[in-house]
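Structure first, commentary second.
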Amino acid sequence: MKILGIAGGSASGKTTLANLIEGLAKKDEIQILSIDSYYKDTSNLTFKQRELINFDNPDSLEFSLLHKHLAELLKGKTIKVPIYDFAKHNRSSKVKILTPPSLLIVDGIFALLNPDLRDLYDKSIFIEADTKLMYQRKLDRDIRERGRTKEFVKFQWETTVLPMYEKFCLPTKKFADEVIDGGKFGVGEARKVVDALI
33 MKILGIAGGS ASGKTTLANL IEGLAKKDEI QILSIDSYYK DTSNLTFKQR ELINFDNPDS
93 LEFSLLHKHL AELLKGKTIK VPIYDFAKHN RSSKVKILTP PSLLIVDGIF ALLNPDLRDL
153 YDKSIFIEAD TKLMYQRKLD RDIRERGRTK EFVKFQWETT VLPMYEKFCL PTKKFADEVI
213 DGGKFGVGEA RKVVDALI
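Throughout, this note's numbering is defined as the position within the sequence shown, counted from one, plus 32.
Rendered as structure tokens:
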């Protein structure tokens with residue numbers, strides 16, 4: 033199994049690129065593992081308390097469990113991936129069973145932050161996009177898919193998403209093997225990745 037790490041800001045195009053890559057391969061040859069699945073369990077908190085958590089800070093993620101799962105996949109083992117419920121700001125009681133594919137895509141804002149994770153990647157990509165474009169994409173997505181209001185998304189963007197992107201995510205660009213423009217890429221870029229890794 034080979035591992036591709038894709039990092040970049042919120043709504044920069046990480047998942048879009050991952051889906052393009054997945055679509056070019058045979059069924060089950062490529063699997064996507066979102067780092068969002070590894071937000072820490074917050075069942076001990078009320079919903080109001082969970083709403084105040086800064087999920088754009090890397091401290092909100094359980095990197096140790098993600099690293100353990102990647103190591104197990106590399107040994108040919110099956111893992112149980114947590115499923116995160118964005119509407120409830122918490123892990124759900126369900127899990128996703130994942131068996132080792134030919135190529136695993138690790139997709140997340142902080143995919144390149146943790147050195148232990150970086151050591152496991154065969155290739156890494158950072159997607160860089162204009163912050164105005166990222167904000168508009170996030171606004172559209174979070175209202176449509178995550179049950180957020182326009183006011184909440186704007187507040188979250190200004191107080192946590194953008195500051196944390198600039199502090200923690202953007203500096204990890206230097207660790208990437210390749211930097212891709214999040215406003216322009218397409219199937220061609222995805223095909224190059226597939227040809228290089230499979």
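Here a beta-carbon is modelled for each residue, glycine too, at the ideal position from N, C-alpha and C.
Being a predicted model, the structure only gives us computed values, none of them experimental.
The alpha helix (DSSP H) that contains residue i, what's its start and end?
i, result
"Y167", "163-177"
"D227", "219-229"
"K46", "46-55"
In the DSSP assignment, find the beta strand (DSSP E) that holds residue i and state where it starts and stops.
i, result
"G40", "34-40"
"N244", "As shown, the chain starts at 33 and ends at 230. That puts residue 244 outside it, with no answer to give."
"E243", "Lying before the first or after the last residue shown, residue 243 is absent from the chain, which here runs from 33 to 230."
How close, in whole Å, do the beta carbons of residue i and residue j come, if the pair is a contact with beta carbons under 8 Å?
i, j, result
"G228", "L144", "First, the residue type needs correcting, since residue 228 is Ala and not Gly in the sequence shown. Incorrect: roughly 18 Å between the Cβ atoms, too far for contact."
"I35", "V138", "6 Å"
"N146", "F95", "5 Å"
"F158", "K205", "4 Å"
"R82", "N122", "6 Å"
Are the beta-carbon atoms of residue i and residue j separated by less than 9 Å?
i, j, result
"G45", "G220", "no"
"L102", "K72", "no"
"I62", "L135", "yes"
"N76", "T192", "no"
"E160", "G41", "yes"
"L130", "K112", "yes"
"R169", "A57", "no"
Quick check: the Cα distance between residue i and residue j, rounded to an integer number of angstroms?
i, j, result
"F187", "M196", "14 Å"
"G140", "I230", "21 Å"
"Y116", "L152", "24 Å"
"N51", "G108", "23 Å"
"S66", "F207", "19 Å"
"L165", "R178", "19 Å"
"L149", "L98", "8 Å"
"Y60", "I53", "What sits at residue 60 in the sequence shown is Asp, not Tyr. If you take the alpha carbons of D60 and I53, they lie about 12 Å apart."
"V226", "T47", "15 Å"
Could you have a look at residue i and say whether DSSP puts it in helix, strand or coil?
i, result
"F158", "strand"
"L144", "coil"
"E104", "helix"
"P203", "helix"
"P133", "coil"
"S66", "strand"
"D117", "strand"
"K58", "coil"
"K216", "coil"
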